[in-house]
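Take the sequence shown: its letters are residues 4 to 222, numbered as in the numbering used here. This report refers to the structure that appears directly beneath it.
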Amino acid sequence: MSLSESNALDSLEFAGTMLERHDLADCSTPGLLEVTGIRQSGMATASGLNDYDYQNLSSLSLGLKNLNQLSTVNKIPIPPEIMEHFKHIKCHCMMGLFPEIGRAWLTIDSDIYIWTYEQSRDVAYFDGLSHLIVSVGLVVPKPGVFIADVKYLLVLTTPVEIVILGVTFGDSNASPNRSITSTTEEMQLLNKPIFVLNTDNVAITCIEGTSDGRIFLGG
Numbered sequence: 004m005s006l007s008e009s010n011a012l013d014s015l016e017f018a019g020t021m022l023e024r025h026d027l028a029d030c031s032t033p034g035l036l037e038v039t040g041i042r043q044s045g046m047a048t049a050s051g052l053n054d055y056d057y058q059n060l061s062s063l064s065l066g067l068k069n070l071n072q073l074s075t076v077n078k079i080p081i082p083p084e085i086m087e088h089f090k091h092i093k094c095h096c097m098m099g100l101f102p103e104i105g106r107a108w109l110t111i112d113s114d115i116y117i118w119t120y121e122q123s124r125d126v127a128y129f130d131g132l133s134h135l136i137v138s139v140g141l142v143v144p145k146p147g148v149f150i151a152d153v154k155y156l157l158v159l160t161t162p163v164e165i166v167i168l169g170v171t172f173g174d175s176n177a178s179p180n181r182s183i184t185s186t187t188e189e190m191q192l193l194n195k196p197i198f199v200l201n202t203d204n205v206a207i208t209c210i211e212g213t214s215d216g217r218i219f220l221g222g
């Protein structure tokens with residue numbers, strides 16, 4: 004046997020030994036089903052249906068037992084001028100966030116209020132509806148359809164109609180092609196709706212928009 008053939012055999016033996024070693028290590032490591040406590044091997048499985056799917060805090064080490072699962076990072080109060088309107092609530096209110104423009108929203112019956120949640124200022128509102136607001140959405144307008152100042156569309160639905168409002172930022176007399184930072188510039192809602200459509204007796208519960216300006220309503 005030549006020296007080169009001997010070296011080749013040594014390399015193959017070494018490679019085989021390494022494969023066996025890693026195979027044994029892999030076999031000794033608990034599988035996913037073992038780690039999660041699921042015993043339905045060979046069958047379709049699901050998690051979250053049993054108590055053992057959730058970590059019991061009492062089984063953690065002493066240092067982790069006092070770990071806060073949730074903590075308050077900051078508190079920003081609702082602007083006082085909006086809180087005043089709670090005195091006149093008759094039926095229903097909802098609340099949510101528009102993180103894309105750095106604002107929170109609150110509906111009180113047929114009125115909606117929007118403000119910056121980081122500084123609790125720049126309150127914009129619309130009170131031109133006569134029916135209860137049941138869902139709220141913020142969508143991007145289709146390019147080239149509206150004037151350049153309209154950066155977003157606010158979609159409000161009631162039991163009988165769908166109302167779309169234009170959303171602008173900053174000085175309306177400034178150049179429409181300027182750079183907009185919606186989280187810092189003053190927000191305005193156009194006084195008159197851009198569109199008002201009938202719901203055809205469908206209770207709209209969710210509103211979503213796409214990046215190219217399409218609007219989807221679900222109910």
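We put the beta carbon where it would ideally sit given N, CA and C, even for glycine. Predicted model only: the values in this text are computed from it and were never measured.
Beta-carbon spacing of residue i, residue j below 8 Å
i    : j    : result
F129 : D114 : yes
Y155 : V137 : no
I92  : L109 : no
C96  : L135 : no
R124 : I117 : no
M190 : A127 : yes
T161 : L192 : no
V158 : I104 : no
For residue i: DSSP bridge partner residues
i    : result
I111 : C96 and D114
R124 : T119
C209 : G221
V170 : Y155 and L192
N200 : As written in the sequence, residue 200 is Leu, which differs from the Asn given in the question. Note: L200 sits in a beta bridge opposite I165.
F2   : Any answer about residue 2 is impossible in this case: the structure gives the chain only from 4 up to 222.
R106 : F101 and T119
Where residue i sits in the DSSP three-state scheme
i    : result
I218 : strand
F17  : helix
V137 : coil
P83  : helix
K90  : helix
V38  : helix
A28  : helix
L52  : coil
L22  : helix
Any chain B beta carbon closer than 8 Å to residue i
i   : result
L15 : The structure shown contains no chain B, having only a single protein chain.
Distance cut-off 7 Å: residue i Cβ against heavy atoms of the ligand COA
i    : result
V137 : Within the structure as shown, the ligand COA is missing, as the structure has no ligands at all.
*Mind pulling the beta strand (DSSP E) runs of 3 or more residues that sit fully within the stretch 139-166?*
155-160
*Check whether the stretch 125-144 touches the stretch 205-217, counting contact only when three or more Cβ pairs, one atom from each stretch, lie closer than 8 Å.*
Judged by Cβ distances under 8 Å, the stretch 125-144 makes contact with the stretch 205-217, as three or more pairs qualify.
*Check whether the stretch 161-169 touches the stretch 194-211, counting contact only when three or more Cβ pairs, one atom from each stretch, lie closer than 8 Å.*
yes
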